[in-house]
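A.B. asks:
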Amino acid sequence: MAEANAQELQSTYHGAATFGPHAPMTLSQASYLMTLCEETNEVLDDSLSQAEAAELIYQLELATGRAEQSLPWREQ
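First residue of the sequence shown: 989, per this note's numbering; consecutive thereafter.
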């Protein structure tokens, strides 16, 4: 199952070839989000932009206790 998911992700996301807040999330983001979503029983929206994926990663890291408590660019 993990191999099928990895192959599906690779066919959908091409890394950071296109970059920016509206560009599709990268393969790395999608892969990490799959892991976080499995841990939190969330459903991964595969149409997220890079910016949306980054924000969701942060939120899910908070939910799983993976996020650092104070990140300089985040207001507490």
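We put the CB at the ideal spot given by N, CA and C, even for glycine.
Quick caveat: nothing in here was measured; it's all calculated off a predicted structure.
Buried or exposed: where does Thr1023 fall if 16 or more other Cβ atoms within 10 Å of its Cβ makes it buried?
C.D. replies: It counts as exposed.
A.B. asks: Report yes if the C-beta of Ile1045 is less than 7 Å from at least one heavy atom of the ligand ADP; otherwise report no.
C.D. replies: As presented, the structure is devoid of all ligands, the ligand ADP included, so that no description of it is given.
A.B. asks: At a Cβ threshold of 8 Å, is Ala1055 touching chain D?
C.D. replies: Protein chain content of the structure displayed is limited to a single chain, and chain D is not contained in it.
A.B. asks: Have a look at the DSSP bridge pairing and note the partners of Pro1012.
C.D. replies: Ser1037
A.B. asks: Taking Pro1012 as the reference, give the member of Ala1042, Leu1050, Cys1025 with the closest Cα.
C.D. replies: Measuring from the Cα of Pro1012, the nearest candidate turns out to be Ala1042.
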